[in-house]
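A.B. asks:
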Amino acid sequence: MAPQRETGGMSDLTISDIHSLKRDGALDILAKISRVEKKTFPTNEAFPFGEELWRKKPNTRVLYATRAKGSQSDLIAYAVYVRQKGVALLHKVCVTEANRRQGVGQEVLSYIQQRLRKEGCQYIQLWVDEAREPARALYLRSGFEEREVIPDYYAPGRTGIKMVLDLERGA
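Following the UniProt record's numbering, the numbering of the sequence shown begins with 1 at its first residue and continues without gaps.
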């Protein structure tokens, strides 16, 4: 599998998998992701982006998107999912604040869908906080359907919504 690809809609956006990198490169990206994670999510919801994600978790994929900026590239988004046979559990999709509402999240989700379809996955599931309207809207635009609502899923007063995307429908 190619380690990265430019996306169809955004020629300056490249989506890669940390597992295509050597250890030092992967740890550098994970450190950048960790900094964004801590700025974006409450402490109790921040995902631990440590070396074990690169080394020991064969079913866990960490994807990251970069945008070329001169001779460097900036981390602008990342996603984490766990593959269990025909189902992928999408744990996290995050676009850096400065890059939101520019189609980056849509590109990342499209890439994940294409990749999982090629691997024979049938469904993608995720949970989203009901109050995170932009995230819910992104998932709905990407074809996810709201299937279940659980009050106090994240914390008292914070409702969780289970969303599912059927990768075989319309494929």
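Note that CB positions come from ideal geometry on N, CA and C, so glycine has one too.
This one's a predicted model, so the numbers in the text were calculated from it and none came from an experiment.
Does Pro134 come out as helix, strand or coil in the three-state DSSP assignment?
C.D. replies: In this structure, Pro134 counts as helix in the three-state DSSP scheme.
A.B. asks: Are Ala77 and Val104 touching if we call contact CB-CB under 8 Å?
C.D. replies: In this structure, Val104 lies closer than 8 Å to Ala77 by Cβ.
A.B. asks: I need the straight-line Cα distance from Pro156 to Lys69, nearest angstrom please.
C.D. replies: If you take the alpha carbons of Pro156 and Lys69, they lie about 42 Å apart.
A.B. asks: Determine, using beta carbons only, whether Tyr139 and Gly86 come nearer to each other than 8 Å.
C.D. replies: Contact: no.
A.B. asks: Would you list the residues sitting across from Val164 in a DSSP beta bridge?
C.D. replies: The partner list for Val164 (beta bridge, DSSP) reads Gln125, Glu145.
A.B. asks: With a cut-off of 8 Å, do at least 3 Cβ pairs link the region 100–119 to the region 9–25?
C.D. replies: Because the criterion of three Cβ pairs below 8 Å is met, the region 100–119 and the region 9–25 touch.
A.B. asks: Taking DSSP as the reference, what is the three-state secondary structure of Leu75?
C.D. replies: Of the three classes helix, strand and coil, the one that applies to Leu75 here is strand, per DSSP.
A.B. asks: Is it the case that the Cβ atoms of Ile161 and Glu146 are separated by a distance below 8 Å?
C.D. replies: Cβ distance < 8 Å, so Ile161 and Glu146 count as in contact.
A.B. asks: Identify the continuous alpha helix (DSSP H) that holds Lys118 and give its terminal residues.
C.D. replies: Element bounds for Lys118: 104–118.
A.B. asks: What residue from Thr60, Asn99, Glu97, Ala65 has the CA that sits closest to Val82's CA?
C.D. replies: The residue with the shortest Cα to Cα distance from Val82 is Thr60.
A.B. asks: DSSP puts Leu90 in a beta bridge; with which residues?
C.D. replies: The partner list for Leu90 (beta bridge, DSSP) reads Tyr81, Leu126.
A.B. asks: Am I right that Leu165 and Gly143 are in contact with their C-beta atoms under 8 Å? What's the rounded C-beta distance?
C.D. replies: With a Cβ gap of about 5 Å, Leu165 and Gly143 count as contacting.
A.B. asks: Return the bridge partner residues of Leu13 from the DSSP annotation.
C.D. replies: Leu13 pairs with Arg67.
A.B. asks: In the DSSP assignment, the alpha helix (DSSP H) including Leu30 goes from what residue to what residue?
C.D. replies: Unbroken alpha helix (DSSP H) run through Leu30: 23–40.
A.B. asks: With DSSP collapsed to three states, give me the class of Ala98.
C.D. replies: In this structure, Ala98 counts as helix in the three-state DSSP scheme.
A.B. asks: Just to confirm my understanding: we take Asp152, look at its own chain, exclude 5 residues before and 5 after, and list those with CB closer than 6 Å. What are they?
C.D. replies: Closer than 6 Å at the Cβ level, and outside the excluded window around Asp152, lies no residue.
A.B. asks: Would you identify the three-state DSSP class for Arg158, choosing helix, strand or coil?
C.D. replies: Residue state, collapsed to three classes: strand.
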